[in-house]
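These protein sequences, in sequence, are chains A and B.
The numbering used here numbers the first residue of the first sequence as 12 and each following residue consecutively.
The numbering used here numbers the first residue of the second sequence as 8 and each following residue consecutively.
Backbone N, C-alpha and C fix where the C-beta goes; we use that ideal spot for every residue, glycine too.
Since we're looking at a predicted model, the values are computed, not measured.
Notes follow once the structure below has been shown.
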Amino acid sequence: AQKVTQAQTEISVVEKEDVTLDCVYETRDTTYYLFWYKQPPSGELVFLIRRNSFDEQNEISGRYSWNFQKSTSSFNFTITASQVVDSAVYFCAPLRQNFVFGPGTRLSVLP
Amino acid sequence: ETGVTQTPRHLVMGMTNKKSLKCEQHLGHNAMYWYKQSAKKPLELMFVYSLEERVENNSVPSRFSPECPNSSHLFLHLHTLQPEDSALYLCASSQVGGDLNYGYTFGSGTRLTVV
């Protein structure tokens, strides 16, 4: 069985603050992919990053960074110097055969 | 056009109506999906088509009927829906069997309201 936990239901920060979104993925699989998607108010799901279970290197892309630790099954996402346009629901999603989406974290960045 | 296009963006229908949602992908992918997103609930996988064959049907009520005439088009036919079926319906496509470099590509969704 697979389980995705995004413990933070809603987060509010003030613009320019850093914010970290937590994701814990429980699985017995040894090989899997993990994704982060962003869902702005417009509705579509926007791909942010893919990480496979063998690659524990952290990754930085502009203001976004990801920290994957297989030992703790955590795949956390940090936004540095947040902006109002970052306001969205963020989903951590493991890929086995089909995506299993967690409940998501609603991030509100206030001006 | 590029990506995944869903029409209509918004739909209001009565419980006795019949309507269809349309999804079209221009990415050359060979798998397509319908997801349902209700308020305050996780995204739910409804149907999966791979190489135009339905490979998964997650106990979806028969009032939802999918159709995949070719690898680029996916429909969701709706009839005698209930108010609790009001939700955002998202279509996605992916390339199955290869390296899913970017995971799924999602459409913008159809916001369905059943009155």
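message = Need the endpoints of the beta strand (DSSP E) that N87 (chain A) sits in, please.
response = Here residue 87 (chain A) refers to the residue found at position 76 when the first sequence is read from its first residue. Per DSSP, the continuous beta strand (DSSP E) segment holding N87 (chain A) begins and ends at S85 to I90.
query = Taking just the CA atoms, how far does V30 (chain A) sit from S119 (chain A)?
reply = For this step, residue 119 (chain A) is matched to residue 108 along the first sequence. For this step, residue 30 (chain A) is matched to residue 19 along the first sequence. Taking C-alpha positions only, S119 (chain A) is separated from V30 (chain A) by approximately 11 Å.
ask   = Interface residues of chain B around F88 (chain A) at Cβ under 9 Å?
value = Counting from 1 along the first sequence, the entry for residue 88 (chain A) is found at position 77. Listed along chain B, no residue sits closer than 9 Å to F88 (chain A) by beta-carbon distance, the nearest being about 15 Å off.
query = Under a three-way DSSP split, which group does K47 (chain B) fall into?
reply = Residue numbering aside, residue 47 (chain B) sits at position 40 when the second sequence is read from its first letter. In the three-state DSSP reduction, K47 (chain B) falls in the coil class, being neither helix nor strand.
A94 (chain B) versus B:T12, B:M20 and B:G10, residue with shortest Cα-Cα distance = To locate residue 94 (chain B), count along the second sequence from 1; it is residue 87. Nearest of B:T12, B:M20 and B:G10 to A94 (chain B), Cα basis: B:M20.
query = Are the stretch 84-100 of chain B and the stretch 15-25 of chain A in contact at 8 Å, needing three or more beta carbon pairs?
reply = Contact between the stretch 84-100 of chain B and the stretch 15-25 of chain A is absent: fewer than three C-beta pairs spanning the two stretches fall below 8 Å.
ask   = If you count every other CB in all the chains shown that lies within 10 Å of the CB of N108 (chain B), and 16 or more means buried, which is it?
value = For the purposes of this step, residue 108 (chain B) is taken as residue 101 along the second sequence, with counting starting at 1. Confidence in N108 (chain B) is poor, its pLDDT being 46 and thus under 50, which makes the residue's placement too unreliable to answer from.
Chain-ordered neighbours of G104 (chain B) on chain A, where CB pairs are closer than 9 Å = Position 97 of the second sequence, counted from the first residue, corresponds to residue 104 (chain B). What G104 (chain B) touches in chain A, judged by beta-carbon distance under 9 Å, is nothing: the nearest beta carbon there is about 12 Å away.
Under 7 Å from the C-beta of Y111 (chain B): neighbouring residues of chain A = As a first step, residue 111 (chain B) must be located in the second sequence, where it is residue number 104. From the beta-carbon of Y111 (chain B), the residues of chain A found nearer than 7 Å are F110.
message = The beta strand (DSSP E) that contains T16 (chain A), what's its start and end?
response = The sequence position of residue 16 (chain A) within the first sequence is 5, counting from 1. Where T16 (chain A) is concerned, the enclosing beta strand (DSSP E) stretches over K14 to T16.
ask   = How many whole angstroms separate the CB atoms of T116 (chain A) and Q19 (chain A), which I take to be in contact at a CB cut-off of 8 Å?
value = For the purposes of this step, residue 116 (chain A) is taken as residue 105 along the first sequence, with counting starting at 1. For the purposes of this step, residue 19 (chain A) is taken as residue 8 along the first sequence, with counting starting at 1. Taking a contact as a CB-CB distance under 8 Å, the pair T116 (chain A) and Q19 (chain A) counts as one, their CB atoms being some 5 Å apart.
ask   = Is any beta-carbon of chain B found at less than 9 Å from that of E37 (chain A)?
value = Translated into positions along the first sequence, residue 37 (chain A) becomes position 26. Interface with chain B (9 Å Cβ-Cβ cutoff): E37 (chain A) is excluded.
query = Quick one: what does DSSP say P90 (chain B) is sitting in, helix, strand or coil?
reply = Here residue 90 (chain B) refers to the residue found at position 83 when the second sequence is read from its first residue. Correct three-state label for P90 (chain B): helix.
ask   = Should S115 (chain B) be flagged as near chain A, meaning a C-beta pair shorter than 9 Å?
value = Here residue 115 (chain B) corresponds to residue number 108 of the second sequence, with the count starting at 1. At a cut-off of 9 Å, the C-beta of S115 (chain B) has a neighbouring C-beta in chain A.
ask   = Along the chain, where does the beta strand (DSSP E) that runs through T42 (chain A) open and close?
value = Within the first sequence, the letter at position 31 stands for residue 42 (chain A). Following the DSSP letters along the chain, one finds T42 (chain A) in no beta strand (DSSP E), marked with neither H nor E.
query = Who pairs with M39 (chain B) in a beta bridge, going by DSSP?
reply = For the purposes of this step, residue 39 (chain B) is taken as residue 32 along the second sequence, with counting starting at 1. Note: M39 (chain B) sits in a beta bridge opposite B:Y56 and B:S100.
inquiry  = Which residue wins for smallest C-alpha separation from C103 (chain A), given the options A:L32, A:E28 and A:K27?
reply    = Translated into positions along the first sequence, residue 103 (chain A) becomes position 92. Answer by Cα proximity: A:L32.
S82 (chain A), DSSP secondary structure in three states = Translated into the one-based positions of the first sequence, residue 82 (chain A) becomes position 71. Of the three classes helix, strand and coil, the one that applies to S82 (chain A) here is helix, per DSSP.
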